[in-house]
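Read through the structure below, which is laid out as structure tokens, and then see the notes.
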Amino acid sequence: MTIEEYNSSVDSFSDGLYRFILRNIKNEDKAKDIVQDTYEKLWLKVESVSFLKVKSYLYTAAYHTMIDLIRREKKQTDFERINQEDYSHSEQYNDLNEILHKALEKLPEIQRSVILLRDYEGYSYNEISEITDLNESQVKVYIYRGRLFLKKFIGSLETVV
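If you count the sequence shown from 1, position 125 lands on 275 in the numbering used here, and the numbers rise without skipping.
Quick look at the structure:
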């Protein structure tokens with residue numbers, strides 16, 4: 151990859167990468183740090199990364215950097231032990247976007263990441279499996295479980311409207 155291609159990748163992908171990380175960790179400063187670290191990693195491997203695969207490399211590196219940060223900062227909770235009924239939403243409220251963001255915050259990191267990559271960024275199952283180092287079946291399972299939780303959290307349409 152040339153210097154021009156590197157600069158082009160910064161211009162083309164940094165905003166999307168930042169949004170992806172920010173939606174996962176909800177901290178602007180940490181998201182900026184992760185994006186910066188990701189581009190530093192790319193710079194160190196600029197000779198070995200093909201410009202055609204730079205987007206995949208960036209999202210993969212950012213995802214792994216984010217996961218490392220999350221693991222360092224907190225102990226992960228076993229999501230299977232959590233009673234989903236405790237976190238469901240039943241009050242009448244009409245801001246679906248806010249409710250959806252609250253629901254996304256309650257998902258485990260991996261489920262939130264794959265749902266955002268699939269539904270927000272538009273990646274295919276195969277691309278998500280490359281980014282997250284999961285196999286395609288695991289990606290589908292995490293997306294299914296995450297969507298199921300979101301459906302239960304949001305509840306019926308009458309509650310939201």
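Here a beta-carbon is modelled for each residue, glycine too, at the ideal position from N, C-alpha and C. Since this is a predicted model, take the numbers as computed values, not measurements.
| Straight-line gap, I249 to I265 (C-alpha atoms, nearest Å) | Distance from the CA atom of I249 to the CA atom of I265, rounded to whole angstroms, is 16 Å.
| query | Taking Cβ positions, are I293 and S206 nearer each other than 9 Å? | reply | no
| task | With a floor of 3 residues, list each beta strand (DSSP E) that falls wholly inside the segment 156-184, ordered by position along the chain. | result | With a minimum length of 3 residues, no continuous beta strand (DSSP E) run stays inside the segment 156-184.
| task | Ignore the nearest five residues each way along the sequence and tell me which others in V199's own chain have a CB closer than 8 Å to its CB. | result | M151, L192, Y207
| Quick one: what does DSSP say V196 is sitting in, helix, strand or coil? | Shown here, V196 sits in coil according to DSSP, grouped into three states, outside any helix or strand.
| request: Could you check which residue in K182, D161, L257, G166 has the C-alpha nearest to that of K302? | output: L257
| request: Tell me whether N285 sits in a helix, a strand or coil according to DSSP, three-state version. | output: If DSSP states are grouped into helix, strand and coil, N285 belongs with coil.
| task | Evaluate L267 with the Cβ neighbour count: other Cβ atoms within 10 Å of its Cβ, from every protein chain shown; 16 or more gives buried, anything less gives exposed. | result | So L267 ends up on the buried side.
| Endpoints, the alpha helix (DSSP H) within which Y207 is located | 204-223
| task | Would you tell me roughly how many angstroms separate the C-alpha atoms of S159 and V204, rounded to the nearest one? | result | 7 Å
| message | Let me make sure I understand the geometry here. Which of H214, N157, L219 has the alpha-carbon closest to that of N177? | response | L219
| message | Just to confirm my understanding: we take E278, look at its own chain, exclude 5 residues before and 5 after, and list those with CB closer than 7 Å. What are they? | response | Just to set this straight, residue 278 is Ile in the shown sequence, not Glu. Contacts found: V264, L267, R268, V289.
| request: State the Cα-Cα distance for the pair E326 and A211, rounded to the nearest angstrom. | output: Missing from the structure shown is residue 326; the chain here goes from 151 to 311 and no further.
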